[in-house]
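Engineer: Before anything else, here's the structure in question.
There are 2 protein chains.
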Amino acid sequence: MSALDISEVSKRSGVPASTLRYYEEKGLIRSVGRHGLKRVFDADIIDRLSLIALGQAAGFSLDEIGLMLAPEGAPQIDRQALLDKAEELDRTIRKLTTMRRGLLHAANCGAPSHMECPTFLRLVRAAGTGAYKSAAKEGRGKLKA
Amino acid sequence: MSALDISEVSKRSGVPASTLRYYEEKGLIRSVGRHGLKRVFDADIIDRLSLIALGQAAGFSLDEIGLMLAPEGAPQIDRQALLDKAEELDRTIRKLTTMRRGLLHAANCGAPSHMECPTFLRLVRAAGTGAYKSAAKEGRGKLKA
DNA sequence: CTGCCACTTCAAGCTGACTTGAGGTCAAGA
DNA sequence: TCTTGACCTCAAGTCAGCTTGAAGTGGCAG
């Protein structure tokens, strides 16, 4: 009961078959064999795909994830990498929080034009100096929800 | 004293000349004329570039920014769009915060393997259901800092 | 036995925001 | 006047993470 074909994996994981093939090519997952032409996966692929999804959600690239998940069986995830990523997230969160406050203020403030609102101007000036570089890139994403 | 050439604009704004040409092509900025072949910009381009940087930091695409900045002179920024974006940021921040907590826990927890840590497993399972889809994509960015 | 059709491979295309390269122009300094 | 070199245009390349398309294969229902 541990053999799944690609459509079954796709159905259970929500990951498209094309993506599964792509992940296999990249070395992120492995099929345990073939039935004719068709890939056969072990049931634990589902957990592994969840791990990959988690890694992506945390902001790791597929390559980074590949390195962390490299050893078969129990993935040996580098705790330091997790700490580093957590800190990175922390910085991002701070920037986004500042942005959010600024946006809310700008949206609500009574100045006739945004360019006359001191708070907005402060934001603009900060952005001009690169203070928020790469703070977001979030939002206009391939969001499902 | 309001005429700047492209290298001056680049120097003052930190935006590469190639990007300035690209922005002009996209209609995000305008040059006010030419000196020979060379573009000449009005000094207020600097503010406009800051606005563009702000928009990007907030997660707007260049196209969205173009729409908001469309009218010449005072940019008429849609306050509702700002509110929407703020809310979007809020959702992102929440997800990232959850991720961050999870990462920290996983990094510090004493379970022999991550797959035996209940907190980590909860995170993994949540990621598997798509709960964090598009939550990050931040982190491994073109960060300058 | 035969036909269907889900699967396969491989190459190419897509999005967004740019960068890079080849080949051309022209204002200004020597 | 001539050279320099910063600027120009236009096309193509880059990166990540996939998706799409064309053409082929083979297990299984009928």
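Those sequence lines, one after another, are chains C and L.
Take the first sequence: its letters are residues 1 to 145, numbered as in this note's numbering.
Take the second sequence: its letters are residues 1001 to 1145, numbered as in this note's numbering.
Virtual Cβ for every residue (Gly too), placed ideally from N, Cα, C.
Quick caveat, the model's predicted, so the values are computed rather than measured.
1) Suppose you measure from the CA of glycine 139/C to the CA of serine 1010/L; what does that come to, to the nearest Å?
2) Kindly indicate if chain L contains any beta-carbon less than 9 Å away from that of isoleucine 93/C.
3) Mind checking threonine 129/C: buried by the 16 CB within 10 Å criterion, or exposed?
4) What span of residues does the alpha helix (DSSP H) with alanine 53/C cover, start to end?
5) Quick check: leucine 1062/L and lysine 1026/L, are their CB atoms within less than 9 Å of each other?
6) Shorter than 9 Å from the beta carbon of leucine 1067/L to some beta carbon of chain C?
7) Count the other CB atoms, across all protein chains shown, that sit within 10 Å of the CB of alanine 1057/L; report buried if there are 16 or more and exposed otherwise.
8) Please tell me whether lysine 38/C and glycine 59/C are closer than 9 Å, where the distance is taken between their beta carbons.
9) Please list, in chain order, the chain C residues whose beta carbon lies closer than 7 Å to that of isoleucine 1077/L.
10) Rounded to the nearest angstrom, what separates tyrosine 23/C and isoleucine 29/C at their Cα positions?
11) If the criterion is Cβ atoms closer than 9 Å, does the pair leucine 82/C and isoleucine 65/C meet it?
12) At a CB distance below 9 Å, what residues from the stretch 1002-1017 of chain L approach chain C? Give them in sequence order.
13) Mind pulling the chain C residues with CB within less than 7 Å of aspartate 1090/L?
14) What first and last residue would you give for the alpha helix (DSSP H) that runs through lysine 85/C?
15) So leucine 1004/L is in the beta strand (DSSP E); what residue range does that whole segment cover?
16) Helix, strand or coil: which one does DSSP assign to tyrosine 1132/L?
17) Distance, Cα to Cα, serine 18/C vs aspartate 5/C?
18) Please look up how many angstroms separate the CB atoms of cysteine 1109/L and threonine 1119/L, rounded, as I've assumed it's under 8 Å.
19) By a C-beta neighbour count over all protein chains shown, 10 Å radius and 16 as the cutoff for buried, is histidine 976/L buried or exposed?
20) Helix, strand or coil for phenylalanine 41/C, going by three-state DSSP, please let me know.
21) Would you say glycine 139/C faces chain L, with C-beta separation under 9 Å as the test?
22) Can you tell me where the beta strand (DSSP E) holding glycine 1033/L begins and where it ends?
23) Which term fits alanine 70/C, buried or exposed, when burial requires 16 or more other beta carbons within 10 angstroms of its beta carbon?
24) For glycine 102/C, does the count of other Cβ atoms within 10 angstroms reach 16, so buried, or fall short, so exposed?
25) Excluding five sequence neighbours on each side, which residues of the same chain lie with their C-beta closer than 8 Å to the C-beta of alanine 1106/L?
26) Quick one: is alanine 1127/L buried, meaning 16 or more other Cβ sit within 10 Å of its Cβ, or exposed?
27) Under 6 Å Cβ to Cβ from tyrosine 1132/L, same chain only, skipping five residues before and after it: list those, please.
28) Out of Leu1049/L, Arg1100/L, Pro1112/L and Asp1042/L, which one is the CA nearest neighbour of glutamate 88/C?
29) For chain L, is any of its Cβ atoms less than 9 Å away from the one on glycine 130/C?
Structural biologist: Reading off the structure:
1) In this prediction, glycine 139/C scores a pLDDT of 43, lower than 50, which makes its location untrustworthy; no coordinate-derived value is stated.
2) Yes, because at least one Cβ of chain L sits closer than 9 Å to the Cβ of isoleucine 93/C.
3) exposed
4) 45-57
5) yes
6) no
7) It counts as buried.
8) no
9) His114
10) 6 Å
11) no
12) Ser1013 and Gly1014
13) For aspartate 1090/L, the residues of chain C that pass the 7 Å Cβ criterion are Arg100, in the order they occur in the chain.
14) 79-108
15) 1003-1005
16) In this structure, tyrosine 1132/L counts as coil in the three-state DSSP scheme.
17) 13 Å
18) 6 Å
19) For chain L, the structure presents residues 1001 to 1145; residue 976/L sits outside this window and is missing.
20) strand
21) Interpretation of glycine 139/C is limited by its pLDDT of 43, a score under 50 that renders its predicted location unreliable; no figure is taken from the coordinates.
22) 1033-1035
23) exposed
24) buried
25) Setting aside the 5 residues that flank it on each side, alanine 1106/L is surrounded in the same chain by His1114, Cys1117, Thr1119, Phe1120 and Leu1123, each with a C-beta closer than 8 Å to its C-beta; the list follows chain order.
26) buried
27) Lys1095
28) Arg1100/L
29) yes
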